[in-house]
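K.L.:
With the working numbering applied, the sequence shown corresponds to residues 26 to 635, in that order. Note that beta-carbon positions come from the ideal geometry of N, C-alpha and C, so glycine has one too. First the structure, then my questions, so here it is.
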Amino acid sequence: MVLEIFPVVLDSRNRAIPASQSITRIQKAGILVDGQANVQQRIPVGRQNIRLKTLISGVLQFLLCSVLFAAGSTPLLAQTPLVRLTTPGPWPGVSQMIAYDGKIWFANSNPFENFNAADIYTFDPSTRETRYERGLFSQHIGRPAIYRGILYWPFEDPRSSLALGEYAITDGDSWALNIFTTGITLHVHAMETCNANLIAGTGGWVGGLQMSPTGSEDWREVYQLPPTGENLSRITDVRAVGDRCFFAVTSWNEPGSKLMEWRGNEVAEVEGWPGGSRVLSPVEHNDELYAINQNGTATEIWRFDGTTSSRVPAPEGVPLRALASNGDSLFLLSGDLTSATLWRSNSENTWDTVQNFAGERPLSLYVLGNDIYVGTYVRGGQGSLWGPEQPQQTSPGPEAQALQPAPVAELSDEIVQASAGALESAITPNADYMAYRYDILSVMLPLALTRNPAYGNFLSEFMLEEFTNETITAFTGTEYKFRQIIRWFSLHMMAINGNGVIPTEWLTGGWRNENVPSEKYFYIYLAAIRAVGWVGQNDNDTISALVSRLTREGEPEWLKADAVASLTALTGQRFAYDIDKWKAWWAETIASETPSPNGTQPDTGPQPTN
């Protein structure tokens, strides 16, 4: 089956509209903006066969196992034992690993629940140092990609709830925030470089593919999944094999194959790929595509050789979770909620057990040559990064290219003032949250993306106006005042613009502990805490308010995570969740400052790193 590709822009009700009409309100206003011990196992097709030499080998390996057991895992191949490299905390899962600029980057989050923290860390194989890099305002992180020497981190479920996909980019030092401008995008599941383009797989009421030839603001939605009977549809992974680009679909109640190929101007089902519920962990191995096909609870490994698909024998009776390849061997991570097993195959017919991980759920697998990294999940505990004690690649991944500042477009005072009139019309109360959201963003977003400080400054004043006390029910099923929504969107547009001033008192709001199943909240102080980090607001009052936020009792830990994220961005300090270090550092910083001539403390604060 071949499906035609079409460029599309969606309105607030998910209807396709011409892209040229997406900023109609602005144009009308006169604006023009363009684990357990075990012996080594070898499993032939369909049965287990533990040989005598394997048992002897197992006895010998037991001696090594007893030494390393204290590490929490039993290595089963002496040449490839993995050790626990880091448990960065405080969140239960480690996933989304990628090698970049000499380090292993990974996410620490809680991918199995609605949970409002997702942090990025690095592990340096040469120094064994783990470093907190940045907290992202998302409930989880999608699979990252490296494009033109820059590392892209997709927000799997952005907490801004703008219904537009968000992502952050970094060169390992500087960071920038960006957003899609087309389609209704609730989730950005994965990114991948394919044929010189950057591709993103998204999910929402309608899942799709977003494509950019530059990895910047020129994103467009090039494909939508056909409508289904489900509430959401998702493209959950994207993978290039040579010059061909494949994507994986998740759809639990729809029949048919869930592996597709994007051909630039059409989409086709992969020949011979079986039906199922979803496709997991597609990887390139020996110029072919391998992936786990899931049908209900059953999981199998399948291969596409470029022409036809065939089933690959795999360990039986265990849930298959993730695949990885180093070009010579195929690696598999399997397991359930309380244990994980790492496997290695040098052929299609046999699998060797590499290592078991007791008490930890398999989550993520990454391979670099002979260096293997595993990310695990521990419910109610802390996820871990496992890897080689003596890595062969001590400076892995491509070298970073310096992140260039986003270009600033010209923006006259007349255009900025004209947007005020358009906004006055857009903020008229509307009972439909999605329509209300569209009306506001269609005015704000194009101007925010100019990166011009004039618009950030305009929003700084605009959001202080008195707005109606009327309420609206958001998609979370919770009532909020219209003024909350207006200010929430204004703060997020300021974060994207990278400019503006946020009232310090907006950082200090009290937690109301409401029960919202989605864990999505439109509290102004949450958006404000995030925004100050992206606009570089690093005066003493702001830093002091953020440090004070870390010591509040009765608030969720993820709220402190928001403050840690902005503090790190604004100060360059890497204390992560060590609250005592933050307090001591700030007390020392204030005490060491020299009073200004008028007797007050200078209002410069620590210098930002981005």
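What does DSSP give as the partner residue(s) for Leu357 in the beta ladder?
P.N.:
Translated into the one-based positions of the sequence shown, residue 357 becomes position 332. Bridge partners of Leu357: Leu348, Trp368.
K.L.:
Using 8 angstroms as the threshold, is the C-beta distance between Tyr125 and Leu189 below it?
P.N.:
Along the sequence shown, one-based indexing puts residue 125 at 100. Along the sequence shown, one-based indexing puts residue 189 at 164. For Tyr125 and Leu189, no; Cβs fall outside 8 angstroms.
K.L.:
Using the rule of at least 16 other Cβ atoms within 10 Å of the residue's Cβ for burial, across every protein chain shown, is Phe329 buried or exposed?
P.N.:
Taking the sequence shown and counting its residues from 1, the one referred to as residue 329 is at position 304. Result: buried.
K.L.:
Cα-Cα, which of Asp438, Glu613, Arg599 is closest to Tyr157?
P.N.:
What you label residue 157 is simply residue 132 of the sequence shown in a count that begins at 1. With distances taken between Cα atoms, Tyr157 lies closest to Arg599.
K.L.:
Which term fits Leu448, buried or exposed, when burial requires 16 or more other beta carbons within 10 angstroms of its beta carbon?
P.N.:
By 1-based counting over the sequence shown, the position of residue 448 is 423. It counts as buried.
K.L.:
Can you tell me the Cβ-Cβ gap for Thr533 and Ile568, rounded? I've got them flagged as a contact below 8 angstroms.
P.N.:
The sequence position of residue 533 within the sequence shown is 508, counting from 1. The sequence position of residue 568 within the sequence shown is 543, counting from 1. About 13 angstroms; that fails the 8 angstroms criterion.
K.L.:
Look at the alpha carbon of Asp470 and the alpha carbon of Trp178, and state the distance between them as a whole number of angstroms.
P.N.:
Here residue 470 corresponds to residue number 445 of the sequence shown, with the count starting at 1. Here residue 178 corresponds to residue number 153 of the sequence shown, with the count starting at 1. As written in the sequence, residue 470 is Leu, which differs from the Asp given in the question. In this structure, the CA atom of Leu470 is about 21 angstroms from the CA atom of Trp178.
K.L.:
Measure the Cβ-Cβ separation of Val304 and Ala273 and say whether it is below 8 angstroms.
P.N.:
Numbered from 1 along the sequence shown, position 279 holds the residue referred to as residue 304. Numbered from 1 along the sequence shown, position 248 holds the residue referred to as residue 273. Contact: yes.
K.L.:
Comparing alpha-carbon positions, which option in Gly197, Ser134, Glu414 lies nearest Arg153?
P.N.:
For the purposes of this step, residue 153 is taken as the residue at position 128 of the sequence shown. Taking only the C-alpha atoms, the option nearest Arg153 is Glu414.
K.L.:
Tell me whether the beta-carbon of Thr363 lies closer than 8 angstroms to the beta-carbon of Thr378.
P.N.:
In the sequence shown, counting from the first residue as 1, residue 363 sits at position 338. In the sequence shown, counting from the first residue as 1, residue 378 sits at position 353. No; because the gap between Cβ atoms is not below 8 angstroms, this pair is not in contact.
K.L.:
For the stretch 298-317 against the stretch 275-289, are there 3 or more C-beta pairs whose distance is under 8 angstroms?
P.N.:
With the cut-off at 8 angstroms, the stretch 298-317 and the stretch 275-289 touch.
K.L.:
Between the Cα of Ile244 and those of Ser276, Gly254, Tyr192, spot the shortest distance and give me the residue it belongs to.
P.N.:
Numbered from its first residue, the sequence shown carries residue 244 at position 219. Strictly speaking, residue 244 in this sequence is Trp, with Ile absent from that position. Ranking Ser276, Gly254, Tyr192 by Cα distance to Trp244 puts Tyr192 first.
K.L.:
Taking Cβ positions, are Thr401 and Pro150 nearer each other than 8 angstroms?
P.N.:
The residue labelled residue 401 in the question sits at position 376 within the sequence shown. The residue labelled residue 150 in the question sits at position 125 within the sequence shown. No. Outside cutoff.
K.L.:
Let me know the secondary structure DSSP gives Asp438 once reduced to three states.
P.N.:
In the sequence shown, residue 438 corresponds to position 413, counting from 1. Helix at Asp438.
K.L.:
Would you call Thr207 buried or exposed, if buried means 16 or more other Cβ atoms sit within 10 Å of its Cβ?
P.N.:
By one-based count along the sequence shown, residue 207 stands at place 182. Buried, since its Cβ has 16 or more Cβ neighbours within 10 Å.
K.L.:
Quick check on the burial criterion: 16 or more other C-beta atoms within 10 angstroms. Buried or exposed for Gly228?
P.N.:
Stepping through the sequence shown from its first residue, residue 228 is reached at position 203. Label assigned to Gly228: buried.
K.L.:
Give the range of the alpha helix (DSSP H) segment to which His165 is assigned.
P.N.:
On the sequence shown, residue 165 is found 140 positions in, with the first residue counted as 1. Segment: none, His165 is in no alpha helix (DSSP H) and carries neither H nor E.
K.L.:
Kindly list the residues whose CB is nearer than 7 angstroms to the CB of Leu358, restricted to its own chain and excluding five residues on each side of it in sequence; keep chain order.
P.N.:
One-based indexing of the sequence shown puts residue 358 at position 333. Excluding sequence neighbours, Leu358 sits near Arg346, Ala347, Ala365, Leu367, Pro387, Leu390, Val399.
K.L.:
Which term fits Phe500, buried or exposed, when burial requires 16 or more other beta carbons within 10 angstroms of its beta carbon?
P.N.:
The residue labelled residue 500 in the question sits at position 475 within the sequence shown. Classification of Phe500: exposed, given that the 10 Å Cβ count is below 16.
K.L.:
I need the DSSP call for Lys608, collapsed to helix, strand or coil.
P.N.:
Sequence index remark: in the sequence shown, residue 608 carries index 583 (1-based). It is helical.
K.L.:
Would you list the one or two residues that DSSP bridges to Glu191?
P.N.:
Against the sequence shown, residue 191 aligns to sequence position 166. Beta-bridge pairing by DSSP links Glu191 to Ile204.
K.L.:
Pull up the distance between the alpha-carbon of Ala143 and that of Asn455, whole angstroms please.
P.N.:
Within the sequence shown, the letter at position 118 stands for residue 143. Within the sequence shown, the letter at position 430 stands for residue 455. Approximately 33 angstroms, taken between the alpha carbons.
K.L.:
Residues in the same chain with beta-carbon distance under 6 angstroms from Ile194, minus the five sequence neighbours each way, listed in chain order, please.
P.N.:
Within the sequence shown, the letter at position 169 stands for residue 194. Ile175, Tyr177, Ala201, listed in sequence order.
K.L.:
Since Phe636 and Leu211 should fall inside the 8 angstroms C-beta cutoff, what is the C-beta to C-beta distance between them, to a whole number of angstroms?
P.N.:
With the chain covering 26 to 635 only, the question about residue 636 has no answer from this structure.
K.L.:
Roughly how many whole angstroms lie between the Cα atoms of Pro113 and Asn141?
P.N.:
Taking the sequence shown and counting its residues from 1, one reaches residue 113 at position 88. Taking the sequence shown and counting its residues from 1, one reaches residue 141 at position 116. One C-alpha to the other measures close to 17 angstroms.
K.L.:
How should Gln18 be labelled, buried or exposed, when 16 other C-beta atoms within 10 angstroms of its C-beta is the threshold for buried?
P.N.:
One cannot answer for residue 18 here, as it falls past the ends of the chain, which runs 26 to 635.
K.L.:
Since Ser276 and Ser258 should fall inside the 8 angstroms C-beta cutoff, what is the C-beta to C-beta distance between them, to a whole number of angstroms?
P.N.:
As a position in the sequence shown, residue 276 is number 251, starting the count at 1. As a position in the sequence shown, residue 258 is number 233, starting the count at 1. That belief holds up - the Cβ atoms of Ser276 and Ser258 are roughly 6 angstroms apart, short of 8 angstroms.
K.L.:
Exposed or buried, Ala323, counting other C-beta atoms within 10 Å across all chains shown (16 or more means buried)?
P.N.:
The sequence position of residue 323 within the sequence shown is 298, counting from 1. Classification for Ala323: exposed.
K.L.:
Starting from Pro430, trace the beta strand (DSSP E) both ways and give me its first and last residue.
P.N.:
As a working mapping, residue 430 is identified with position 405 in the sequence shown. Careful: Pro430 lies outside any beta strand (DSSP E) and carries neither H nor E.
K.L.:
Compute the distance between the beta-carbons of Val526 and Ala479, then report whether it is under 8 angstroms.
P.N.:
Taking the sequence shown and counting its residues from 1, one reaches residue 526 at position 501. Taking the sequence shown and counting its residues from 1, one reaches residue 479 at position 454. It is not a contact, given that the beta carbons lie outside the stated cut-off.
K.L.:
Would you mind stating whether Leu223 and Ala170 have Cβ atoms separated by less than 8 angstroms?
P.N.:
On the sequence shown, residue 223 is found 198 positions in, with the first residue counted as 1. On the sequence shown, residue 170 is found 145 positions in, with the first residue counted as 1. Yes.
K.L.:
Going by CA-CA distance only, name the one from Gly422, Gly240, Ile397, Glu279 that's closest to Gly254.
P.N.:
Here residue 254 is taken as the residue at index 229 of the sequence shown, counted from 1. For the residues Gly422, Gly240, Ile397, Glu279, the minimum Cα distance to Gly254 belongs to Glu279.
K.L.:
Could you compute how far the alpha carbon of Gly481 sits from the alpha carbon of Tyr505?
P.N.:
Start at 1 with the first residue of the sequence shown, and residue 481 comes out as number 456. Start at 1 with the first residue of the sequence shown, and residue 505 comes out as number 480. Cα to Cα, the separation comes out at about 24 angstroms.
K.L.:
Measure the C-alpha to C-alpha separation of Thr333 and Ile260 and round it to an integer number of angstroms.
P.N.:
The sequence position of residue 333 within the sequence shown is 308, counting from 1. The sequence position of residue 260 within the sequence shown is 235, counting from 1. About 22 angstroms.
K.L.:
Just checking, does the stretch 576-593 make contact with the stretch 549-564 on the three C-beta pairs under 8 angstroms criterion?
P.N.:
With the cut-off at 8 angstroms, the stretch 576-593 and the stretch 549-564 touch.
K.L.:
When you compare only the Cα positions, how much space is there between Gln380 and Pro340?
P.N.:
Position 355 of the sequence shown, counting from 1, holds the residue named residue 380. Position 315 of the sequence shown, counting from 1, holds the residue named residue 340. Using only the alpha carbons, I get a separation of about 14 angstroms.
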